[in-house]
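Residue numbers (the numbering used here): 4 to 181. Written out below as structure tokens is the structure these notes cover.
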């Protein structure tokens with residue numbers, strides 16, 4: 004059985020619980036934190052994967068690390084760790100976030116600009132591009148990048164909208180040379 008299938012099953016089960024309890028948005032935010040921890044904290048992953056660590060020690064660390072999150076998320080993560088599915092925790096969180104985004108008609112977008120976007124600019128970008136992809140709203144992460152010279156580049160999933168000056172110069176250069 005593939006990792007995605009296992010992670011997907013846990014995510015769907017947790018999503019159904021969240022939907023029944025009307026906690027989709029809260030669990031989504033909590034699972035964003037869990038996703039970040041399980042993708043960036045290599046020490047935690049090493050600890051959980053170490054064969055000499057007892058189940059009690061792992062449970063204690065997990066209980067302390069995720070003390071502030073809801074019991075549903077805590078229990079799901081704990082169950083996955085106990086069943087030696089630590090590698091599937093981050094994909095499960097990502098899958099849950101996708102399910103929540105679909106439910107709320109939201110998409111995650113990364114916007115690259117020279118200067119940080121103002122609240123009004125972010126809202127304008129969200130309105131303009133959400134309609135193009137058939138969503139109600141975009142959740143924007145703004146990354147400043149001085150190499151783009153000007154304009155903006157927007158990434159939504161695997162789609163990229165490049166309206167940067169550096170992108171236009173690259174396309175012009177290829178057109179002239181090709």
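Every residue, glycine too, gets a C-beta built ideally from N, C-alpha and C.
Other residues of its chain near residue 41: CB distance less than 6 Å, five sequence neighbours each side excluded: 92 and 93
Inside the segment 65-128 only - alpha helix (DSSP H) runs reaching at least 4 residues: 74-85 and 92-107
Option nearest residue 118 by Cα separation, candidates 62, 173 and 150: 150
Separation of residue 157 from residue 163, as counted between CA atoms: 6 Å
Paired residues, beta bridge with residue 178 - DSSP: Answer by DSSP bridge pairing: none, since residue 178 is not bridged.
Residue 4, DSSP secondary structure in three states: Annotation note: pLDDT 45 at residue 4 (below 50); position unreliable, no value reported.
Sub-9 Å separation of residue 110 and residue 133 beta-carbons: yes
Three-state secondary structure (DSSP) of residue 35: helix
Check whether residue 108 and residue 140 have beta carbons under 9 Å apart: yes
Beta-carbon proximity of residue 37 to residue 61, cut-off 9 Å: no
Cβ pair residue 97, residue 18 closer than 9 Å: no
Burial state of residue 123 (16 or more Cβ within 10 Å): exposed
Other residues of its chain near residue 165: CB distance less than 7 Å, five sequence neighbours each side excluded: 156
Cα-Cα separation, residue 129 to residue 143: 7 Å
Residue 139 (DSSP reduced to helix, strand or coil): coil
Best match in 159, 53 and 9 for proximity to residue 137 [C-alpha to C-alpha]: 159
Per DSSP, cross-strand counterpart(s) of residue 162: 159
Terminal residues of the alpha helix (DSSP H) in which residue 49 lies: 45-52
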